[in-house]
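S.K.: Whatever position you read off the sequence shown (first residue = 1), add 29 for our numbering.
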Amino acid sequence: MMPAVDAQPVAAVEVSDARETFAQWRDGKTGKVLAVSVIGDSYSAGQDFYLNRLVQRLAAEVGFAGPGYVGFNHGAALGGTHFKYTRSSEKYFGGGWQVSGLGQASPDSRTVTGRPGAWLAVEASPTPAIDTSITQGKLLYLGDGEASEVRYRWSPSQPWQSVTLGGSGVQEVQLSVVAGAPDWAFRLEVVQGAPTLFGLWLSNDQRGIRVSKLAASGAASGDFYHSDSGWQAQWKAVVSKIPADIYLIMLGGNDQGFGVKPEDYLYNIQGLVGMLREIQPAASINLILRQDTTRSSAYPMSAYAQVLQPWAQAEHLGYADLQCAFGTDFKRYASGGPTPMIGPDRIHPLPESGGRVIADYFYRWVVDGRGCGQRTPL
């Protein structure tokens with residue numbers, strides 16, 4: 030990874046942290062929907078690690094306002110349970126897509142480009158606590174100046190609906206949805222041309238929380254910020270189409286694995302925060318560092334905390350550190366330790382132990398205004 034060279038200062042903006050923003054919304058002082066965007070690496074991209082459990086718990090308490098962004102990189106925040114999609118399964122993705130590398134100017138750091146015959150599918154599965162019906166949908170794509178055609182439907186029994194994708198740069202097109210159908214099965218096919226797609230944005234008309242997953246497995250901070258002005262313009266253009274009252278940013282684990290210097294990590298985070306403040310100046314921006322593991326690395330996570338925490342506090346950002354939730358001795362909770370919460374890969378949390386700790390920590394921090402302390406059973 031190339032080090033950053035031209036960091037720009039970020040002006041301080043007086044906004045609330047996640048706890049204050051949530052409390053104001055819950056008290057009816059803001060709008061009907063609380064929109065949250067989660068930016069991160071595999072910890073946030075993986076459907077089983079913590080995010081799915083956290084969203085279900087929040088939705089059960091305050092209501093569910095729809096899936097938000099369903100990226101064609103890693104799908105929805107409630108992926109695997111309520112909105113099923115994965116690039117790794119021929120059931121949901123096939124026919125000749127070209128998947129970009131990490132670091133694209135995309136909400137979840139990748140794009141997919143199709144050719145005629147390429148297709149993808151997203152399936153909705155409601156539960157008593159989560160109504161998966163949607164009332165609005167749009168497709169986000171990157172125009173190249175050439176016309177392409179795709180077709181879509183929301184169930185196998187529906188007729189196809191064709192859409193022409195044109196224009197240059199970041200674009201969106203409204204999709205006709207089937208209101209009141211919670212068990213929909215969306216399918217999109219490329220008919221003509223070579224369209225480059227980001228993902229879907231889906232909502233309903235209910236009061237509640239809407240969580241968009243802007244996360245990519247393997248991503249480091251440099252995958253979500255480039256100093257190139259064209260890259261920044263495209264990223265801001267597409268991310269601005271995903272409403273957000275709160276941003277939760279948890280990057281750094283892969284920076285540690287790649288040996289990124291703490292000062293370069295900070296530069297990338299500063300750039301990312303700067304872009305978010307340009308497109309959503311009133312949004313609450315919150316930075317989270319994950320806990321250490323036994324993975325081999327040049328820097329402990331505390332080295333990133335030493336540069337991140339003072340800057341976050343000076344810039345009036347929310348800040349949290351998962352180390353206090355896991356404990357100070359990472360060997361105790363590592364794979365093979367007395368209280369294992371990390372899997373045998375020495376990186377990712379075990380969903381039923383470490384994942385629960387992370388979900389519980391976020392819940393208490395956002396909803397109850399507490400960080401470390403007694404855990405609330407999930």
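Heads up, the beta-carbon is just placed ideally off N, CA and C, and yes, glycines get one too.
(1) Looking at the structure shown, is Q261 part of a helix, part of a strand, or coil, going by DSSP?
(2) Kindly list the residues whose CB is nearer than 8 Å to the CB of W54, restricted to its own chain and excluding five residues on each side of it in sequence; keep chain order.
(3) Looking at the structure shown, is P378 part of a helix, part of a strand, or coil, going by DSSP?
(4) Would you kindly check if the distance between the Cβ of A214 and the Cβ of A153 is under 9 Å?
(5) Note down, one range per segment and in chain order, each alpha helix (DSSP H) of at least 4 residues found wholly within the segment 261-307.
(6) For A134, collect the residues of the same chain with a Cβ closer than 6 Å to its Cβ; drop the 5 residues on either side in sequence, then sort them by chain order.
(7) Could you give the distance in angstroms between the alpha-carbon of S325 and the alpha-carbon of S205?
(8) Within this structure, are the beta carbons of I278 and T323 separated by less than 9 Å?
(9) Using only the alpha-carbon positions, how far apart do A311 and K242 sit?
(10) Grouping DSSP H, G and I as helix and E and B as strand, with all else coil, what is N233?
(11) Helix, strand or coil: how does DSSP classify A134 here?
(12) In the DSSP output, which residue or residues are listed as bridge partners for R182?
(13) Please report how far the alpha carbon of N102 lies from the alpha carbon of V141, in whole angstroms.
(14) Who pairs with D173 in a beta bridge, going by DSSP?
(15) Given a cut-off of 9 Å on the beta-carbon distance, is the pair G16 and R239 in contact?
M.R.: This is what the structure holds:
(1) helix
(2) For W54, where only same-chain residues beyond five positions count, the Cβ hits under 8 Å are G60, L63, D274.
(3) strand
(4) yes
(5) Taken in chain order, the complete alpha helix (DSSP H) segments of 4 or more residues contained in the segment 261-307 are 282-287.
(6) W260, Q263, W264
(7) 50 Å
(8) no
(9) Rounded to whole angstroms, A311 to K242 spans 20 Å at the Cα level.
(10) coil
(11) coil
(12) Answer is R216.
(13) 8 Å
(14) D173 is bridged to S197.
(15) With the chain covering 30 to 407 only, the question about residue 16 has no answer from this structure.
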